[in-house]
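Peer 1: The listed protein sequences correspond, in order, to chains A and B. Once you know that position 250 of the first sequence is 250 in our numbering, the rest is easy, because the numbers rise by one and skip nothing. Each number in our numbering comes from the position in the second sequence (counting from 1) with 457 added on. Idealized CB from N, CA, C, for every residue including glycine. The structure under discussion is supplied below as structure tokens; questions concerning it will follow.
2 protein chains.
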Amino acid sequence: MSIADALERLSNAFQDRCVTTDAMREQYSRNEAHHAPVRPDAVLFPHSTEDVRNIVEICRETGCPITAYGAGTSLEGHIVPVRGGISLDMSRMNAILKVNQEDMDAVVQPGVTRRQLNEDLRATGLFFPVDPGADASIGGMAATRASGTNAVRYGTMRECVLACEVVLADGRVIRAGSRSRKSSAGYDLCKLFVGSEGTLGIMTELTVKLFGQPEAVSSATCGFETVEGAVQSVIETIQLGMPVARIEFLDELQLQAMNAYSKMGIPERPTLFLEFHGTDSGVAEQAERFGEISAEHGGLGFEWATREEDRNRLWRARHDAYYGVKAMWPGKRGYITDSCVPISRLAEAILETKEDIRKSGLIAPMVGHVGDGNFHLAIMIDPENPDELKAAEKLSHAVAERSLRLGGTVTGEHGVGLGKIKYMEAEHGAAYGVMAEIKRTFDPQNILNPGKMISLN
Amino acid sequence: MSIADALERLSNAFQDRCVTTDAMREQYSRNEAHHAPVRPDAVLFPHSTEDVRNIVEICRETGCPITAYGAGTSLEGHIVPVRGGISLDMSRMNAILKVNQEDMDAVVQPGVTRRQLNEDLRATGLFFPVDPGADASIGGMAATRASGTNAVRYGTMRECVLACEVVLADGRVIRAGSRSRKSSAGYDLCKLFVGSEGTLGIMTELTVKLFGQPEAVSSATCGFETVEGAVQSVIETIQLGMPVARIEFLDELQLQAMNAYSKMGIPERPTLFLEFHGTDSGVAEQAERFGEISAEHGGLGFEWATREEDRNRLWRARHDAYYGVKAMWPGKRGYITDSCVPISRLAEAILETKEDIRKSGLIAPMVGHVGDGNFHLAIMIDPENPDELKAAEKLSHAVAERSLRLGGTVTGEHGVGLGKIKYMEAEHGAAYGVMAEIKRTFDPQNILNPGKMISLN
């Protein structure tokens, strides 16, 4: 049996939902990051769990690799089908199956995007908080254990996925987790699938936590004399237990790009973007506290975004940070890093990284979900220029090594994919071998996103 | 090779820390619940990870069962060594290895109890929030995925264990998780061990989340005309997103026992015990909001416990709820149930359960961590009386079935152990088979707490 056999059977079963054109294969060969493209042999568009089950059955019987694909916004090469086979595009499974308003949860198909869900929820007074910036699919976000700007308050996909339906490599369909908010009933399979990057099963339905839209929201920016002052303010804020909803760091280079792209007019120095959620008085109190903290660390005062449209503009600009950077240095692409360290080591991590950037001579604006100890560089390079690529790899490597040395992780939220697989042994030690045993148990033929997460063969 | 071989080798290696006296074996044969006692062949007292590794090696080579034992406070028979072998008492591994104040985490050995940790933390301004009532060990709490009175605000052991060191059945020592607050680096092994009840490995070190002691704390009780009114008030409070720290339900029978035991003088009707954490104004605001909500549902007003000693007295009485019940009906033991449902179904679950109790003729006071949808009965029976035991089993079964029918779980926080194993298939369906495969992968000889969680042989 071979991939050709798989394609024949899939084509017969799925007709025009099994696409093998060059154009389509090319489209699914690459992601937003710098990884070398590899074409799938076909792209499949399931409409239901039963479709997924049938596809997995055919692929299992023929040994055909399956790489699940959500919105294509991941950054570590997760969706590059490095062993060929099929790309399984989940985007047509995009129904919001149920919103349980009283329980504050929603049951969705994996192709639902976070914006789609939040649009749908608008009238309910609830929202889905996890916000990685891009309009990612909920399935993809679960698969990569995504987080983003307001994880500091509402948690990551680890906390926000309550349950999931999964098609396993042998065609079994299982449900992991439940809608009850806690349970001690057995192994936490749901949390095992979250972050497994399509290597243990294909998620076909997810139950996610929702939260009440806050009564009061206020957003502000606060510039600082130094990077260290900004980071120390974050550390103290977190240590005080302030329930800040967003606390984002941007360096002067990032602001320069943002001002040009989003016409923000924010002074170009180390800056925090903040958002407070709560009651009117709670929000005011948080802002006052933060004002006191930042003043002790060279904070230059708040610029408030009081009207809703100003707030939206601020966070739209934050989300467009990378587009701003790309527009500023046309022809270059971002080589994105993703460090996360215990917050006590954050100032050290950022300052040393800044020094590395300076020495490298590369352009590398920095943003960070610093309330979680997480920050990113977008190292802007011409990927066709081997010297720049090599320099970026060296800088990225230094960031990853430092994360581990400081007790952190090489990937705070982007996942392992192709980009971080080389660090898994160093990060996990003997536990990485256990992960490989789990992979073998779930997918002995290695047909689910082979070549990612674990090197089996 | 046999258990006798294991005992000989363990005895040689551990001398007086391998105890085989009848008295000791008897002590480790039973737990606080109703499960039939079974004696271990020996009790071992490791002092270090290396001791645990050596014990596991000997047990693996001889096929000797190992049942880990923390503080002995679990309620589902987890620690009853149903296949004999050794009880591994972790209580001497009770060092607090490190408190990282800036990062708000602590690294502890598994035998550290939650009170010990909180005593140690007192001067730091931090606290460990998970509070199941009993002074359980952190290792045991992690193993059963414990929670308790303030999980509604601070999460359960699922959320509060950041990392752990584990000795596997084959003697490997691994570390799962990290001190960074989030990570997308690989399968979430840490969450897999949390709640695995000593069936996948022996936890020898845990890193747990800490929180800042709130600036302001206020506690109150609020009586209600009806059970339904109390529960509806809880539901609305949760749905409003109020960050209430504790919201506990007690029925009139429980209050009667509590008044007698703890001299509380609280009117004997459906009652909520509440605690608010925050700033002075935040706490006042939460209390005011809750006052408005409860007034709409037949709430009879707060009785405040304003002084710290009154607060402590209130929560001490809540923690002693079961002792109060035992004192009220001497000679009887509690057959404890543990239902957790989505909060929209909580009123239904509680009211139907009350009706079941009435029909059964049994004495069964009710308490609940109702903010999570979780409630317990202490069905008071003479365990030597087969009719009472049978009636309690029938009532407990009705509660479990109802939990599943309402989309909940048969165990919100007590775990599976012996008591809930019979519901695992119904709760998890095909996923239970996957749990068995994981168990086989981690412990192919079935030496780790055999007979619990999964029926392998």
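Between residue 738 of chain B and residue 285 of chain A, how many whole angstroms is the CB-CB distance? I'm expecting something under 8 Å.
Peer 2: The Cβ separation is near 6 Å, so the contact holds.
Peer 1: Check for me: the beta strand (DSSP E) holding residue 302 of chain A runs from which residue to which?
Peer 2: 299-305
Peer 1: Using the beta-carbon of each residue, which ones in chain B are nearer than 7 Å to residue 160 of chain A?
Peer 2: Residues of chain B passing the Cβ test: none, with the nearest at roughly 12 Å.
Peer 1: When you compare each of B:779, B:836, B:869 and B:763 to residue 602 of chain B by their alpha carbons, which one comes out closest?
Peer 2: B:869
Peer 1: State the Cα-Cα distance for the pair residue 780 of chain B and residue 465 of chain B, rounded to the nearest angstrom.
Peer 2: Spanning the two alpha carbons is a distance of roughly 41 Å.
Peer 1: Determine, using beta-carbon pairs with one atom in the segment 799-814 of chain B and one in the segment 677-691 of chain B, whether at least three such pairs fall under 8 Å.
Peer 2: Output reads yes: the segment 677-691 of chain B touches the segment 799-814 of chain B.
Peer 1: Can the beta-carbon of residue 763 of chain B be found less than 7 Å from the beta-carbon of residue 703 of chain B?
Peer 2: no
Peer 1: Any idea what DSSP makes of residue 487 of chain B, helix, strand or coil?
Peer 2: coil
Peer 1: Can you list, in chain order, the residues of its chain with a C-beta nearer than 7 Å to that of residue 835 of chain B? Leave out the 5 residues immediately preceding and following it.
Peer 2: 779, 782, 791, 793, 821 and 822
Peer 1: How far does the beta strand (DSSP E) with residue 69 of chain A in it extend, from its first residue to its last?
Peer 2: 66-69
Peer 1: I want to verify the contact list: residues of chain B whose CB lies under 8 Å from the CB of residue 103 of chain A, in sequence order.
Peer 2: Within chain B, the residues placing a beta-carbon under 8 Å from that of residue 103 of chain A are 799, 800 and 801, ordered along the chain.
Peer 1: Anything in chain B within Cβ reach of residue 372 of chain A, meaning under 9 Å, just list it in chain order.
Peer 2: Those within 9 Å of residue 372 of chain A in chain B are 637, 638 and 639.
Peer 1: Evaluate residue 267 of chain A with the Cβ neighbour count: other Cβ atoms within 10 Å of its Cβ, from every protein chain shown; 16 or more gives buried, anything less gives exposed.
Peer 2: The Cβ neighbour count for residue 267 of chain A, taken over all protein chains shown within 10 Å, is under 16; the residue is labelled exposed.
Peer 1: Between the alpha carbons of residue 25 of chain A and residue 135 of chain A, how many angstroms are there, rounded?
Peer 2: Looking at the two C-alpha atoms, the distance is approximately 22 Å.
Peer 1: Excluding the 5 residues flanking residue 588 of chain B on each side, which residues of the same chain have their C-beta closer than 7 Å to its C-beta?
Peer 2: These residues qualify, in order along the chain: 571, 605, 606 and 607.
Peer 1: The alpha helix (DSSP H) spanning residue 335 of chain A covers which residue range?
Peer 2: Run containing residue 335 of chain A: none in the alpha helix (DSSP H); it sits in the beta strand (DSSP E), 333-336.
Peer 1: With H, G and I counted as helix, E and B as strand and the rest as coil, what does DSSP make of residue 815 of chain B?
Peer 2: helix
Peer 1: Please report the distance separating the alpha-carbon of residue 523 of chain B from that of residue 463 of chain B.
Peer 2: 11 Å
Peer 1: Quick check: is the beta carbon of residue 629 of chain B nearer than 7 Å to any beta carbon in chain A?
Peer 2: yes
Peer 1: At a cut of 8 Å, does the segment 70-88 of chain A reach the segment 98-105 of chain A through at least three beta carbon pairs?
Peer 2: no
Peer 1: Please list the terminal residues of the continuous beta strand (DSSP E) segment that includes residue 98 of chain A.
Peer 2: 96-100
Peer 1: With 16 as the cutoff for other CB atoms within 10 Å, does residue 402 of chain A come out buried or exposed?
Peer 2: buried
Peer 1: To which residues does DSSP link residue 216 of chain A through a beta bridge?
Peer 2: A:278
Peer 1: So, under 8 Å CB-CB, residue 637 of chain B and residue 198 of chain A are touching, yes? Tell me the CB distance rounded to an integer number of Å.
Peer 2: Not confirmed; about 24 Å, so no contact.
Peer 1: Among B:480, B:829, B:585 and B:885, which has the Cα closest to the Cα of residue 698 of chain B?
Peer 2: B:829
Peer 1: Quick one, which of B:535, B:461, B:517 and B:528 has its alpha-carbon nearest residue 499 of chain B's?
Peer 2: B:461
Peer 1: Could you tell me whether any Cβ in chain E is nearer than 7 Å to the Cβ of residue 524 of chain B?
Peer 2: In summary, chain E is missing from the structure at hand, where the protein chains are A and B.
Peer 1: What are the residues in the segment 660-677 of chain B lying within 8 Å of chain A by C-beta distance?
Peer 2: 668, 669 and 671
Peer 1: Short of 6 Å in beta carbon distance, which residues of its chain neighbour residue 165 of chain A, apart from the five on each side in sequence? Order them along the chain.
Peer 2: 175, 204 and 205
Peer 1: Apart from the five residues on each side of it in sequence, which residues of its chain come closer than 8 Å, Cβ to Cβ, to residue 342 of chain A?
Peer 2: 373, 406, 407 and 408
Peer 1: Relative to the C-alpha of residue 583 of chain B, which residue among A:139, A:20, A:238 and A:95 is closest?
Peer 2: A:238
Peer 1: The alpha helix (DSSP H) spanning residue 909 of chain B covers which residue range?
Peer 2: Note, residue 909 of chain B: premise wrong, no alpha helix (DSSP H); not H, not E.
Peer 1: Quick one: Cα of residue 53 of chain A to Cα of residue 816 of chain B, how far?
Peer 2: 46 Å
Peer 1: By Cβ distance, which residues of its chain are closer than 8 Å to residue 892 of chain B, with the 5 residues on each side in sequence left out?
Peer 2: 881, 885, 910 and 911
Peer 1: If the cut-off is 9 Å on Cβ atoms, which residues from the segment 415-434 of chain A count as contacting chain B, listed in chain order?
Peer 2: If the cut-off is 9 Å between Cβ atoms, the segment 415-434 of chain A has 415, 416, 420, 423, 424, 427, 428, 429, 430, 431, 432, 433 and 434 near chain B.
Peer 1: Using 7 Å as the threshold, is the C-beta distance between residue 278 of chain A and residue 214 of chain A below it?
Peer 2: yes
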